[in-house]
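Read in UniProt numbering, the sequence shown has 29 at position 29, and its numbers run on one by one without any break.
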Amino acid sequence: MSGLDKYEKITDIGKGSFGCVSKIKRKADGKVLVWKELNYGKMSEKEKQMIVSEVNILRELNHPNIVRYYDRIIDRDQAKIYIVMEYCEGGDIATLIKNYKRKKEHLPEEIVWSVLSQMLQALSSCHNRKEGKILHRDLKPGNIFLDKSNNVKLGDFGLSRVMNQDSVFAYTHVGTPYYMSPEQINDQKYNEKSDIWSTGCIIYEVAALRAPFEATTHYQLAMKIKSGKLDRIPAMYTDDLWRVITSMIQQDPERRPSVDELQNHPQIQVRVKEYKLRQYREKLKLKELEMQKRIHAIKEKEQEILKRQTEMKEREERLKALEKQIEEQEEEQKQKLAMANNTKQDQDMIKPSNLGTTGQRMSSTNINTSNIENESGNFCGASQDGGVAQVKVNNSFKSRRGSFKAALEDITHKIENKYLQ
Numbered sequence: 001m002s003g004l005d006k007y008e009k010i011t012d013i014g015k016g017s018f019g020c021v022s023k024i025k026r027k028a029d030g031k032v033l034v035w036k037e038l039n040y041g042k043m044s045e046k047e048k049q050m051i052v053s054e055v056n057i058l059r060e061l062n063h064p065n066i067v068r069y070y071d072r073i074i075d076r077d078q079a080k081i082y083i084v085m086e087y088c089e090g091g092d093i094a095t096l097i098k099n100y101k102r103k104k105e106h107l108p109e110e111i112v113w114s115v116l117s118q119m120l121q122a123l124s125s126c127h128n129r130k131e132g133k134i135l136h137r138d139l140k141p142g143n144i145f146l147d148k149s150n151n152v153k154l155g156d157f158g159l160s161r162v163m164n165q166d167s168v169f170a171y172t173h174v175g176t177p178y179y180m181s182p183e184q185i186n187d188q189k190y191n192e193k194s195d196i197w198s199t200g201c202i203i204y205e206v207a208a209l210r211a212p213f214e215a216t217t218h219y220q221l222a223m224k225i226k227s228g229k230l231d232r233i234p235a236m237y238t239d240d241l242w243r244v245i246t247s248m249i250q251q252d253p254e255r256r257p258s259v260d261e262l263q264n265h266p267q268i269q270v271r272v273k274e275y276k277l278r279q280y281r282e283k284l285k286l287k288e289l290e291m292q293k294r295i296h297a298i299k300e301k302e303q304e305i306l307k308r309q310t311e312m313k314e315r316e317e318r319l320k321a322l323e324k325q326i327e328e329q330e331e332e333q334k335q336k337l338a339m340a341n342n343t344k345q346d347q348d349m350i351k352p353s354n355l356g357t358t359g360q361r362m363s364s365t366n367i368n369t370s371n372i373e374n375e376s377g378n379f380c381g382a383s384q385d386g387g388v389a390q391v392k393v394n395n396s397f398k399s400r401r402g403s404f405k406a407a408l409e410d411i412t413h414k415i416e417n418k419y420l421q
């Protein structure tokens, strides 16, 4: 089975200049995922490198707040690459903001803190990576996703860069202008603190339902970002939240807190603990469901074994009954054979060729056989006198055949009586 054949396409959920994002189902287990279908035949070498970078980074990152990577499939005939990833059915933060904006409502502060704390956990796994820091460089509401339980998932690492141990700053001008740091706008060197600026801009928009810096042209936007002037988020939010947001949107990157410093904030610590506790409960629930499945499977196996044992017992009883029947048939055959042998012996005794022997036995039974012996003697004598004498003997034998037959029947009857006693 080829790579594409392992999945079934359900529907398209997004389109871009180089392809689309589709909801798919893995045939092996029915798990719902998404794949990003990209036509690399139309891409420049720089854009192809972005795809390679995203795949490599997603392979290495394994965190509950980062969209999980599953597979990549290359279709060389169609010049397409498919990146298979976790499906986040809750949509993205950009859609969440639009929905609240349409309803003319603001998100509860608890949700704002929750989004921030989970974003920081995802960035911590990137910025504190031993093999080299990963800078996302394109943080924006559309790249932050929600699963069915509203857990935050950081995604779209296409513009990300891995910084090795020797590199401290990056120089490439990338990212979405509304969330770009001043150092990026000014084409200056930057580091992970640029991701902190973008995070502050996102959290500001989650609370205010609008970006912190808005303009109609790139130049005007750059000027506003450089000025650093911010309108306060709505009054319904606490000063504590406002202070955290403004600390991240500092013009000087050195004055911005690191991801670790932000995670030490009491409000963040509480949310992180709550999130980890919720994750732990979800894992326990999954383990419980798995255990229930195993118990159910064991019970089914036990039922199957009991059924087989019952079938074996019934089969054993049938075999015993059949064995008994065979033994009875063998005994019956033995009896029949014995009777047949006795009958054959009796029949052999009364054959004319055995009459001499039989006459000896009849002497003990006081049977008078003188007539038979005389007739036998005459028969034997006549056989010695030639043809004429033979005819005479035959005629004499015929005349006395009736008496001989009667005597023979009487002998047979007495023999049977003797052996049946």
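C-beta atoms are modelled at their ideal positions from N, C-alpha and C, and glycine is treated no differently. Note that the structure is predicted; figures quoted are calculated from it, not measured.
- Three or more beta-carbon pairs drawn from the segment 258-268 and the segment 235-245 are found closer than 8 Å, and the two stretches are therefore classed as touching.
- The three-state reading of DSSP puts Thr199 in helix, counting H, G and I together.
- Excluding its 5 nearest sequence neighbours in each direction, Trp113 has C-beta neighbours in its own chain below 8 Å: Leu241, Gln267, Ile268 and Arg271, listed in chain order.
- At a Cβ-Cβ threshold of 8 Å, Tyr204 and Ile245 count as neighbours.
- Pairing Arg72 with Ile81 gives a Cβ-Cβ distance under 8 Å.
- Annotation: Pro212 to Ser194 spans about 16 Å, alpha carbon to alpha carbon.
- Of the other Cβ atoms in all chains shown, fewer than 16 fall within 10 Å of the Cβ of His218; this residue is therefore exposed.
- In the DSSP assignment, Ser22 forms a beta bridge with Asp12 and Trp35.
- Our two residues, Ile66 and Glu131, have alpha carbons roughly 18 Å apart in a direct line.
- Glu86 sits in a strand when the DSSP states are folded into three classes.
- Straight-line spacing of the CA atoms in Gln345 and Arg318 works out to 40 Å.
- For Asp252, the closest of Ala122, Glu183 and Pro64 by C-alpha to C-alpha distance is Glu183.
- A straight line joining the alpha-carbon of Arg255 with that of Asn191 spans about 13 Å.
- Per DSSP, the continuous beta strand (DSSP E) segment holding Leu154 begins and ends at Val152 to Leu154.
- The Cβ-Cβ distance between Asp92 and Leu146 falls below 8 Å.
- The Cβ atoms of Ala215 and Ile233 lie no closer than 8 Å to each other.
- Under the DSSP definition of a beta bridge, Leu146 partners with Val152.
- With contacts defined by Cβ atoms closer than 8 Å, Asp12 and Ser22 form a contacting pair.
- Beta-bridge analysis with DSSP links Lys80 to Asn39 and Asp75.
- The beta carbons of Lys6 and Arg26 sit closer together than 8 Å.
- Listed in chain order, the non-local C-beta contacts of Gly155 below 8 Å within the same chain comprise Ile66, Val67, Met85, Cys88, Asn143, Ile144 and Phe145, local neighbours out to five positions each way being set aside.
- Around the beta-carbon of Lys153, 16 or more other beta-carbon atoms lie within 10 Å, marking it buried.
- In this structure, the CA atom of Arg129 is about 56 Å from the CA atom of Arg308.
- In the three-state scheme derived from DSSP, where H, G and I count as helix and E and B as strand, Tyr204 is classed as helix.
- Residue pairing of Tyr69 in beta bridges, as defined by DSSP: Met85.
- Assignment of Ile134 by DSSP, reduced to helix, strand and coil, places it in the strand class.
- Bounds of the alpha helix (DSSP H) holding Ser117 are Glu109 to His127.
- Residue pairing by DSSP places Asp92 opposite Phe145 in a beta bridge.
- Measuring C-alpha to C-alpha distances from Lys226 to each of Gln335, Ser247, Asn186 and Ile196 identifies Asn186 as the nearest.
- Counting only the Cα atoms, Ala79 lies some 45 Å from Glu105.
- Exposure of Tyr280 is indicated by the presence of fewer than 16 other C-beta atoms within 10 angstroms of its C-beta.
- A Cβ-Cβ contact shorter than 8 Å links Leu139 with Tyr179.
- Tyr237 sits in coil when the DSSP states are folded into three classes, being neither helix nor strand.
- Ranking Asp231, Lys98 and Lys293 by CA distance to the CA of Val206 puts Lys98 first.
- Rounded to whole angstroms, the gap between the alpha carbons of Lys42 and Gly19 is 10 Å.
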